[in-house]
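S.K.: Just dropping this structure here.
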Amino acid sequence: MPIDISHIERLAKILETSGIASIEIEQQGHSLKLVMETGEPSLPSPVLVGSINACQATRVVARADVAGHFLAGHPWRATPFVEPGQRIEAGAIVGLVKVGLLYAPVLSPATGIVDAITAESGAMVGYGAPIASIRPVTESR
Amino acid sequence: MIEILSALGPTSIQDLGRFDQYRFGVGTSGAMDDVALRAGNILLANDENAAGIEIPVTPFKLRFCRDMAFALTGAEVEAEIEGRAIPPWWRSHARAGDILSLKAMPRGARSYLTVCGGIDVPVVLGSRSTQFRGEFGGLHGRPLQPGDILPCASASCSIGELGVEPPDIMLARPNAAADEITVRVVIAGEYDAFDGATQELFWGGSWKITPQSNRYGYRLQGPAVKPISPIEKRSHGIVPGVIQIPPNGQPIIQMRDAQTSGGYPKIATVIRADMWRVAQARLGGRLRFEQTAYADALAAEAEMSAYLDRLRSDARLLEELRTCR
Chain Y
243 MPIDISHIER LAKILETSGI ASIEIEQQGH SLKLVMETGE PSLPSPVLVG SINACQATRV
303 VARADVAGHF LAGHPWRATP FVEPGQRIEA GAIVGLVKVG LLYAPVLSPA TGIVDAITAE
363 SGAMVGYGAP IASIRPVTES R
Chain F
10 MIEILSALGP TSIQDLGRFD QYRFGVGTSG AMDDVALRAG NILLANDENA AGIEIPVTPF
70 KLRFCRDMAF ALTGAEVEAE IEGRAIPPWW RSHARAGDIL SLKAMPRGAR SYLTVCGGID
130 VPVVLGSRST QFRGEFGGLH GRPLQPGDIL PCASASCSIG ELGVEPPDIM LARPNAAADE
190 ITVRVVIAGE YDAFDGATQE LFWGGSWKIT PQSNRYGYRL QGPAVKPISP IEKRSHGIVP
250 GVIQIPPNGQ PIIQMRDAQT SGGYPKIATV IRADMWRVAQ ARLGGRLRFE QTAYADALAA
310 EAEMSAYLDR LRSDARLLEE LRTCR
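One line per chain: the protein sequences are Y and F, in this order.
At the far end of the first sequence sits residue 383, using our numbering, and the numbering has no gaps.
At the far end of the second sequence sits residue 334, using our numbering, and the numbering has no gaps.
Pasting the structure below:
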């Protein structure tokens, strides 16, 4: 879907309310970068989409579907949602992306074994940023 | 529809409360933690006054009779639906036949289950809240029991999973100890009937929440706080949050099912912005009172409104962002 002018307006509003300094979106043929004037030097914007960590055939990657701060565990709980080596079901929660007062879940795209949590808890992540890699397991029924 | 499979303790249907009947002696009832009920309804894009289920005791179990979005807010519960764990303050989705199970409550005292469209029991005197004392509202005016079938209004909701930051993070307050909650109070009508030393006992005390604490009121245990001379007043209007001192000197905080009048002397009143903190204080836990000026009580209320306002706008923006993708 091409980036529409009304989307840019909405994105700018979201950046403003969530206190995020910048966002960069790349799609086929075009890219968009929005930087908010915060008075502070802006952090390097998170790099997105499949440009890095091109997933190897044996791994699938759980990605953030919204930009915000990654949380490996719920703030009320001492332990992270998942740890490397742990089994995870398809659709289960890998971590959270905090956007304002909301926590958007990062979901596992497959049933498998957690290989690594690639995002750092507390760090800014962008839309499409890789959060965890998972080695899918095929169940014999 | 929802079928209750197991419920211990006084589980009840509550909306924000019944506010127009106070002059007839009908108390407000309503969710003890109204912030949690509102947050659940905001997650589901419901009217914020939509009725939910207030669950004070685990284990609790219910079955969804059709596909439905729901949210769990309030106390931290170890909740599971069909093998999936539900994080705190969370919106999720059930399929017809799914069983939701609340196993333990490690933090807080009341969990709220809200569903897309709300629990659709009849409105009685302007509210769906259960009035235990008058035995009306909610489902037949009584606590929920296994086998109860609750009607749910049909509505279309966003069904993706989504969480909310619990209010105790943005609205954090310093507490003296882990099992102690400090709540802000303004002094009330008979405060000056207690001498200075007694007033100090009240402020300095770490008040234990006794097992005789519930939706009607919290009975506290600590040093005896007694007026200079016994006070006998005629019954007069009181509101939830009022802290009365009965003759034994052990304070009672009036809660959402309190009577609308009483005669005991009133030493202080919990500010509205901190009532949800009292509602989430556990039996056996402790409360400490901090004197607050009226202006600061209003400022605290504005802070709570700001949390809810931000939640409403963040929820709207995130759904918009997802739609435009």
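For every residue, glycine included, the Cβ atom is placed at its ideal position computed from N, Cα and C.
Excluding the 5 residues preceding and the 5 following F/Gly26 in the sequence, name in chain order all residues of the same chain whose CB lies nearer than 8 Å to its CB.
M.R.: As a first step, residue 26 of chain F is located in the second sequence; it is residue number 17 there, counting from the start. Here the set comprises Thr37, Ser38, Gly39, Ala40, Asp43, Ser136, Ser138, Arg265.
S.K.: Flag this pair as yes or no: are the beta carbons of Y/Leu393 and Y/His316 separated by less than 8 Å?
M.R.: Here chain Y has residues from 243 to 383 only, and residue 393 of chain Y is not among them.
S.K.: Taking buried to mean at least 16 other C-beta atoms within 10 Å of its own C-beta, is Y/Ala365 buried or exposed?
M.R.: Sequence index remark: in the first sequence, residue 365 of chain Y carries index 123 (1-based). Result: exposed.
S.K.: Taking 8 Å as the cut-off, decide whether the C-beta atoms of F/Ile11 and F/Cys161 are in contact.
M.R.: Taking the second sequence and counting its residues from 1, one reaches residue 11 of chain F at position 2. Taking the second sequence and counting its residues from 1, one reaches residue 161 of chain F at position 152. Yes, they are a contact pair.
S.K.: So if DSSP puts Y/Ala264 in a beta bridge, which residue, or which two residues, is it bridged to?
M.R.: What you label residue 264 of chain Y is simply residue 22 of the first sequence in a count that begins at 1. Contrary to the premise, residue 264 of chain Y reads as Ser rather than Ala in this sequence. DSSP, once it has assigned bridges, lists Y/Val277 as partnering Y/Ser264.
S.K.: Pull up the CB-CB distance for F/Ile276 and F/Ala197, whole angstroms please, since I reckon it's below 8 Å.
M.R.: In the second sequence, residue 276 of chain F corresponds to position 267, counting from 1. In the second sequence, residue 197 of chain F corresponds to position 188, counting from 1. Right, the Cβ-Cβ distance comes to about 6 Å (below 8 Å), so this counts as a contact.
S.K.: How would you label F/Gly246, buried or exposed, when you count the other beta carbons within 10 angstroms and need 16 or more for buried?
M.R.: By 1-based counting over the second sequence, the position of residue 246 of chain F is 237. Result: exposed.
S.K.: When you compare the CB of Y/Glu282 with every CB in chain F, is at least one pair closer than 8 Å?
M.R.: Numbered from its first residue, the first sequence carries residue 282 of chain Y at position 40. Confidence is the limiting factor: at Y/Glu282 the pLDDT is only 48, short of 50, which leaves the residue's position unreliable, though a coordinate-based value still follows. It does not: the Cβ of Y/Glu282 has no partner Cβ on chain F nearer than 8 Å.
S.K.: Buried or exposed for F/Ile178, please, with buried defined as at least 16 other CB atoms from any protein chain shown within 10 angstroms of its CB.
M.R.: Start at 1 with the first residue of the second sequence, and residue 178 of chain F comes out as number 169. It is exposed - the Cβ of F/Ile178 has fewer than 16 other Cβ atoms within 10 Å.
S.K.: Return the residue from the list F/Asn184, F/Ala80, F/Gln259 that minimises the CA-CA distance to F/Ala233.
M.R.: Mapped onto the second sequence, residue 233 of chain F falls at position 224. Nearest of F/Asn184, F/Ala80, F/Gln259 to F/Ala233, Cα basis: F/Gln259.
S.K.: Shortest alpha-carbon distance to F/Leu109 belongs to which of F/Ala80, F/Trp212, F/Leu180, F/Pro115?
M.R.: Translated into positions along the second sequence, residue 109 of chain F becomes position 100. Answer by Cα proximity: F/Ala80.
S.K.: How about F/Cys166 and F/Leu53: are their beta carbons less than 8 Å apart?
M.R.: The residue labelled residue 166 of chain F in the question sits at position 157 within the second sequence. The residue labelled residue 53 of chain F in the question sits at position 44 within the second sequence. The answer is yes: Cβ separation under 8 Å.
S.K.: Would you kindly report the start and end of the unbroken beta strand (DSSP E) that includes Y/Asp357?
M.R.: As a working note, residue 357 of chain Y is residue 115 in the first sequence. Segment 354-359, the beta strand (DSSP E) holding Y/Asp357.
S.K.: Should F/Ser120 and F/Ile64 be called a contact, given that it needs their Cβ atoms to be closer than 8 Å?
M.R.: Locating residue 120 of chain F in the second sequence gives position 111, counting from the first residue. Locating residue 64 of chain F in the second sequence gives position 55, counting from the first residue. It is a contact, given that the beta carbons lie within the stated cut-off.
S.K.: Figure out for me which residue from F/Asn55, F/Arg142, F/Gly293, F/Ala315 has the closest Cα to the Cα of F/Lys217.
M.R.: In the second sequence, counting from the first residue as 1, residue 217 of chain F sits at position 208. Of F/Asn55, F/Arg142, F/Gly293, F/Ala315, the residue nearest in Cα terms is F/Gly293.
S.K.: Can you give me the C-alpha to C-alpha distance between F/Gln140 and Y/Gly354, rounded to a whole angstrom?
M.R.: For this step, residue 140 of chain F is matched to residue 131 along the second sequence. For this step, residue 354 of chain Y is matched to residue 112 along the first sequence. So the alpha carbons of these two residues sit roughly 49 Å apart.
S.K.: Output the residue ranges of the alpha helix (DSSP H) runs that lie fully inside the segment 33-73 of chain F and measure 4 residues or longer, sorted by chain position.
M.R.: Qualifying alpha helix (DSSP H) stretches, in chain order: 43-52.
S.K.: What would DSSP say about Y/Ile247, mapped onto helix, strand or coil?
M.R.: To locate residue 247 of chain Y, count along the first sequence from 1; it is residue 5. In the structure shown, Y/Ile247 sits in a helix (DSSP, three-state: H, G or I).
S.K.: Which of the three DSSP states is assigned to Y/Pro347 in this structure?
M.R.: Taking the first residue of the first sequence as position 1, residue 347 of chain Y is located at position 105. In the structure shown, Y/Pro347 sits in a strand (DSSP, three-state: E or B).
S.K.: Assuming F/Asp76 contacts F/Ala103 under a Cβ cut-off of 8 Å, what Cβ separation, rounded to an integer in Å, is found between them?
M.R.: Indexing the second sequence from 1 puts residue 76 of chain F at position 67. Indexing the second sequence from 1 puts residue 103 of chain F at position 94. Rounded, the Cβ-Cβ distance is 7 Å, consistent with contact.
S.K.: Would you kindly work out how many angstroms separate the C-alpha atoms of F/Ile51 and F/Leu320, rounded to a whole number?
M.R.: Within the second sequence, residue 51 of chain F is the residue found at index 42, counting from 1. Within the second sequence, residue 320 of chain F is the residue found at index 311, counting from 1. Taking the straight line joining both Cα atoms gives about 8 Å.
S.K.: In whole angstroms, give me the CA-to-CA distance for F/Ser238 and F/Glu312.
M.R.: The residue you call residue 238 of chain F lines up with position 229 of the second sequence. The residue you call residue 312 of chain F lines up with position 303 of the second sequence. Near 39 Å, if we compare the C-alpha coordinates of F/Glu312 and F/Ser238.
S.K.: Between Y/Ser287 and F/Thr207, what straight-line distance do the alpha-carbon atoms span, to the nearest angstrom?
M.R.: Walking along the first sequence from the start, residue 287 of chain Y turns up at place 45. Walking along the second sequence from the start, residue 207 of chain F turns up at place 198. Confidence at Y/Ser287 is low in this model, with a pLDDT of 47, below 50, so the placement of that residue is unreliable and no value is reported for it.
S.K.: Going by the beta-carbon positions, is the gap between Y/Tyr369 and F/Gly172 smaller than 8 Å?
M.R.: For the purposes of this step, residue 369 of chain Y is taken as residue 127 along the first sequence, with counting starting at 1. For the purposes of this step, residue 172 of chain F is taken as residue 163 along the second sequence, with counting starting at 1. No.
S.K.: Do you know whose CA, among F/Glu85, F/Lys112, F/Val192, lies nearest F/Glu174's CA?
M.R.: The sequence position of residue 174 of chain F within the second sequence is 165, counting from 1. Cα-wise, what sits closest to F/Glu174 is F/Glu85.
S.K.: Would you please state the rounded distance, in angstroms, between the beta carbons of Y/Ala352 and Y/Val277? I believe it to be under 8 Å.
M.R.: Position 110 of the first sequence, counting from 1, holds the residue named residue 352 of chain Y. Position 35 of the first sequence, counting from 1, holds the residue named residue 277 of chain Y. The Cβ separation is near 35 Å, so there is no contact.
S.K.: Thinking C-alpha only, which one of F/Ala45, F/Arg142, F/Leu330 is nearest F/Gln118?
M.R.: Taking the second sequence and counting its residues from 1, the one referred to as residue 118 of chain F is at position 109. The residue asked about is misnamed: residue 118 of chain F is Ala in this sequence, not Gln. The option with the nearest alpha carbon to F/Ala118 is F/Ala45.
S.K.: With DSSP collapsed to three states, give me the class of F/Thr131.
M.R.: Translated into positions along the second sequence, residue 131 of chain F becomes position 122. The question names Thr, but residue 131 of chain F in the sequence shown is Pro. Residue state, collapsed to three classes: coil.
S.K.: Of all the CB atoms in chain F, is at least one closer than 8 Å to the CB of Y/Lys275?
M.R.: Start at 1 with the first residue of the first sequence, and residue 275 of chain Y comes out as number 33. No, Y/Lys275 lies away from the interface with chain F (no Cβ there is under 8 Å from its Cβ).
S.K.: Taking Cβ-Cβ distances below 8 Å as the criterion, which residues of the segment 146-175 of chain F are in contact with chain Y?
M.R.: From the segment 146-175 of chain F, only Glu170, Leu171, Gly172, Val173, Glu174, Pro175 have a Cβ closer than 8 Å to chain Y.
S.K.: Whose Cβ in chain Y lies nearer than 7 Å to the Cβ of F/Leu320?
M.R.: If you number the second sequence from 1, residue 320 of chain F lands on position 311. Correct list: Leu343.
S.K.: Could you give the distance in angstroms between the alpha-carbon of Y/Glu264 and the alpha-carbon of Y/Val324?
M.R.: Position 22 of the first sequence, counting from 1, holds the residue named residue 264 of chain Y. Position 82 of the first sequence, counting from 1, holds the residue named residue 324 of chain Y. The displayed chain sequence assigns Ser, not Glu, to residue 264 of chain Y. Approximately 29 Å, taken between the alpha carbons.
S.K.: Just tell me which of F/Arg116, F/Val35, F/Phe69, F/Gly106 has its CA closest to the CA of F/Ala288.
M.R.: As a working note, residue 288 of chain F is residue 279 in the second sequence. Among F/Arg116, F/Val35, F/Phe69, F/Gly106, the Cα nearest to that of F/Ala288 belongs to F/Arg116.
S.K.: What is the rounded straight-line gap between the Cα of F/Asp201 and the Cα of Y/Leu313?
M.R.: Reading the second sequence from its first residue, position 192 is the one you call residue 201 of chain F. Reading the first sequence from its first residue, position 71 is the one you call residue 313 of chain Y. Looking at the two C-alpha atoms, the distance is approximately 50 Å.
S.K.: Look at Y/Arg252 and F/Leu330 and say whether their C-beta atoms are less than 8 Å apart.
M.R.: Position 10 of the first sequence, counted from the start, is the residue given in the question as residue 252 of chain Y. Position 321 of the second sequence, counted from the start, is the residue given in the question as residue 330 of chain F. Yes.
S.K.: Does the CB of Y/His316 have a neighbour CB from chain F at under 8 Å?
M.R.: To locate residue 316 of chain Y, count along the first sequence from 1; it is residue 74. So, interface residue.
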